[in-house]
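Have a look at the structure below before the remarks.
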Amino acid sequence: QKEVEQNSGPLSVPEGAIASLNCTYSDRGSQSFFWYRQYSGKSPELIMFIYSNGDKEDGRFTAQLNKASQYVSLLIRDSQPSDSATYLCAVDGSSNTGKLIFGQGTTLQVKP
Amino acid sequence: DGGITQSPKYLFRKEGQNVTLSCEQNLNHDAMYWYRQDPGQGLRLIYYSQIVNDFQKGDIAEGYSVSREKKESFPLTVTSAQKNPTAFYLCASSSGGNIQYFGAGTRLSVL
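Structure (structure tokens):
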């Protein structure tokens, strides 16, 4: 059974700090990795995707991928209260079906 | 205005009743997906379709059925065989690269 693991949290950081969200996955064949943000009661919103080892930056967000360690992370710089949400990590199932496997999500709380 | 439209936003099911959740997209995406989300949980795949007139079971297909007669539409029926249907149902679509975009969701409850 292919798995994606996240710490459910909550992760609490003060406003302006760096929030670090982590995700591990079991399938070594996975090629694409996604971070979604989900506000309470709302649907997931794509915020980052990464395909290659290393870092990918987009504004205050940085996704980091280490395929050898089967580890993907999301850094949020200068965290704002509006970043408070659940962050879902998703990984492709490596079977060329377009299917994604989701972690249970990490709840982030940014305190003013 | 491109996007994925799910309706209704809220739905109530009586015992023994089948209900159908609508998902329509105007993004010209080939692939569509249905997920179920329970409180505090991640998303679990119910069914997916990569092309019109073809669909595949996901991890939790029992008690659900789908059709894909048009590229734009992928309705999900929750049948009476699904004994625990209360959940948040999410439809997604994708044009490739495994990038999926979600509709606003339908919240289903049992009366």
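As they're listed, the protein sequences go chains A and B. Just so you know, the first sequence maps onto residues 2 to 113 in the numbering used here. Just so you know, the second sequence maps onto residues 6 to 116 in the numbering used here. Ideal Cβ positions, reconstructed from N, Cα and C, are used throughout, including at glycine. Remember, predicted model here, so these are calculated numbers, not experimental data.
DSSP lists no beta-bridge partner residue for Leu116 (chain B). Bridge partners of Thr107 (chain A) according to DSSP: A:Tyr88.
Rounded to whole angstroms, the separation of the alpha carbons of Lys43 (chain A) and Gly110 (chain B) is 8 Å. When only Cα atoms are considered, Arg49 (chain B) and Lys3 (chain A) end up about 12 Å apart.
For Lys100 (chain A), there is no enclosing beta strand (DSSP E), as DSSP gives it neither H nor E. In chain order, Leu50 and Tyr53 make up the part of chain B whose C-beta sits under 7 Å from the C-beta of Lys100 (chain A). Note that the segment 4-18 of chain A does not touch the segment 51-58 of chain A; fewer than 3 beta-carbon pairs, one per stretch, sit closer than 8 Å. Assignment of Pro82 (chain A) by DSSP, reduced to helix, strand and coil, places it in the helix class. Three or more beta-carbon pairs drawn from the segment 30-39 of chain B and the segment 90-110 of chain B are found closer than 8 Å, and the two stretches are therefore classed as touching.
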